[in-house]
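Inspection log for the structure reproduced underneath, given as C-alpha cells.
There are 2 protein chains.
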Amino acid sequence: MGNENFVFDKYLISKGLKLTKPRKIILNTVFATHEHFNVDGLYDKIRKKHKDVSRATIYRTIPLLIESGLIKQSLRCLAKDHYEHTYGHSRHLHLICEKCGKIIEIESKEAESILNKLAKKHDFKIREFNIGAKGICNNCKK
Amino acid sequence: MGNENFVFDKYLISKGLKLTKPRKIILNTVFATHEHFNVDGLYDKIRKKHKDVSRATIYRTIPLLIESGLIKQSLRCLAKDHYEHTYGHSRHLHLICEKCGKIIEIESKEAESILNKLAKKHDFKIREFNIGAKGICNNCKK
DNA sequence: AATGAGAATGAGAATTAATCTCAATACCAA
DNA sequence: TTGGTATTGAGATTAATTCTCATTCTCATT
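Quick mapping for you: the protein sequence lines, in order, are chains A and B.
Going by my numbering, the first residue of the first sequence is number 4, and it counts up by one from there.
Going by my numbering, the first residue of the second sequence is number 4, and it counts up by one from there.
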C-alpha cells in the first residue's frame with residue numbers, strides 16, 4: 004500500500020476534518036487497484052466487506068479525494084462519472100471502448116503539453132485535463 | 004444557411020426516416036449559430052418561435068444529428084451533455100471555464116494526430132475525440 | 001382526393017445518477 | 001464525562017434523460 008492515507012489525512016487535518024473509518028475504507032478500496040472507477044462499482048466493492056458504508060458517504064468523500072489531489076475526474080462513460088488515480092500515476096490518455104467499456108491507458112504527455120501551451124496563450128489556468136477518444140477496441144472490432 | 008438540410012435529409016432517407024417539421028426546426032436552430040449547445044438552451048431558443056416542439060423530440064433528434072455527422076458530443080459542462088457542430092467546422096480543442104461557463108475553442112489538429120497515432124498502434128477505431136481542459140479563464144482569474 | 005401503414009409527435013410518467021435533509025452518532029479536546 | 005463539531009446512514013429530492021402511449025403526420029399508392 005502506498006501512503007495515500009498519509010496524504011489524505013494531511014489534507015483532512017488542514018481543513019479541520021477527520022480521517023474516519025468510512026473515509027478510510029473508501030480511500031483504501033479506491034487505491035486497492037489501479038483501475039478507473041465509478042460510484043456504483045466502488046459501492047459494490049466496498050459493500051462486499053463493509054455493510055455499513057452508504058452511497059451518500061461515497062459521494063461525499065470523492066470531492067475530498069479530488070481536493071486532496073489523490074484522484075481526478077476522468078472521461079464520463081455510460082452516463083456515469085468516472086474517476087482515476089492521480090497520486091502515483093503519471094499522466095496518460097484514454098481510449099474508451101464504447102462496446103465493452105474497456106479503457107486503454109496510454110502514457111503520453113504530448114497532448115497535455117500542447118494544451119498547456121495553448122492555455123498559456125489564452126491566459127487560462129488549467130485545473131483538469133480531458134484528453135481521450137471513444138470508439139471500438141481491437142477485440143470488439145471482430 | 005449552409006446545406007445541413009441536404010445532408011440531414013440524405014441521411015434520414017437512407018434510414019427510411021423523414022425530415023419532418025420539428026426536425027427541420029431543430030436542425031435550423033442548432034445551425035443558426037456556431038456555438039456549442041445543450042438541450043435546455045436549445046429548447047428555450049426553439050420555444051421562442053415554435054410553441055409546438057417538445058423536449059422529447061429534441062432528445063430524439065440529437066442522436067440523428069450525431070449519426071448523420073452534423074454534430075458531435077462535446078465535453079460535459081455543469082452536469083449537462085453538450086454538443087458542437089462538426090459539419091463545416093474544422094477540428095478544435097476546448098478550454099472550459101468552470102466559473103463562467105465560457106468555452107474557448109482553439110483550432111488545432113495536433114492533439115488529434117497524436118491520438119490517431121496511438122489509436123493505430125492499439126488497433127483502436129476512434130469514433131469521437133474528447134480533447135480539452137477545464138479551469139479558470141483569464142476574466143474570472145481577476 | 002382518399003387510404004393505409006409505418007414513422008413521428010407531445011405530454012407526462014418513469015428512470016437514474018447525484019445531491020440534499022435531518023435526526024442520530026462518532027470524534028476529540030478539555 | 002462533557003460539550004461542540006464533524007460525520008454518518010437512510011431516505012427524500014432534484015434534475016437530466018429516456019420511455020410510453022395514444023394521437024397525428026407523411027407519403028406512396030390508389
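No residue lacks a Cβ here, since even glycine has one placed at the ideal position from N, Cα and C.
Nothing here was measured: the structure is a model prediction, and the numbers come from that model.
Own chain residues within Cβ distance below 7 Å of residue i, not counting five before or after
i, result
"residue 61 (chain A)", "29, 42, 45, 46"
"residue 87 (chain A)", "39, 74, 75, 77"
Own chain, CB closer than 6 Å to residue i, minus 5 neighbours either side, in chain order
i, result
"residue 68 (chain A)", "74"
"residue 140 (chain A)", "100, 105"
"residue 83 (chain A)", "41"
"residue 34 (chain B)", "7"
For residue i, the nearest candidate out of the options (CA to CA)
i, options, result
"residue 100 (chain A)", "B:80, B:39, B:125, B:88", "B:125"
"residue 65 (chain A)", "A:54, A:77, A:133", "A:77"
"residue 142 (chain A)", "A:103, A:8, A:56", "A:103"
"residue 5 (chain A)", "A:18, A:92, A:57", "A:92"
"residue 24 (chain A)", "A:8, A:132, A:17, A:90", "A:8"
"residue 26 (chain A)", "A:63, A:109, A:81, A:112", "A:63"
"residue 16 (chain A)", "A:54, A:70, A:109", "A:70"
Partners in chain B for residue i, counting only beta-carbon separations shorter than 7 Å
i, result
"residue 126 (chain A)", "141"
"residue 107 (chain A)", "125, 127"
Where residue i meets chain B, residues with beta-carbon distance less than 8 Å
i, result
"residue 111 (chain A)", "117, 121"
"residue 101 (chain A)", "130"
Cβ-Cβ separation, residue j to residue i (assumed contact under 8 Å), whole Å
i, j, result
"residue 96 (chain B)", "residue 121 (chain A)", "7 Å"
"residue 138 (chain A)", "residue 98 (chain A)", "7 Å"
"residue 85 (chain B)", "residue 94 (chain B)", "Residue 85 (chain B) to residue 94 (chain B), Cβ: 16 Å. No contact."
"residue 49 (chain B)", "residue 32 (chain B)", "5 Å"
Contact under 8 Å by Cβ, residue i with residue j
i, j, result
"residue 127 (chain B)", "residue 134 (chain A)", "no"
"residue 136 (chain B)", "residue 129 (chain A)", "yes"
Close-in-space but distant-in-sequence residues of the same chain around residue i (CB under 8 Å, 5 per side omitted)
i, result
"residue 12 (chain A)", "22"
"residue 58 (chain A)", "42, 46"
"residue 131 (chain A)", "75, 76"
Chain-ordered chain A contacts of residue i [CB-CB under 9 Å]
i, result
"residue 98 (chain B)", "118, 121, 122, 125, 127, 129"
Proximal residues of chain A, C-beta to C-beta of residue i below 8 Å
i, result
"residue 133 (chain B)", "78, 133, 134, 135, 136, 137"
"residue 59 (chain B)", "Those do not exist, as residue 59 (chain B) stays about 18 Å from chain A at its closest Cβ, beyond 8 Å."
Contact set between residue i and chain A, taken where Cβ atoms lie within less than 7 Å
i, result
"residue 144 (chain B)", "128"
Proximal residues of chain B, C-beta to C-beta of residue i below 9 Å
i, result
"residue 35 (chain A)", "Going along chain B, no residue has its Cβ under 9 Å from residue 35 (chain A), so there is no contact; the nearest lies around 26 Å."
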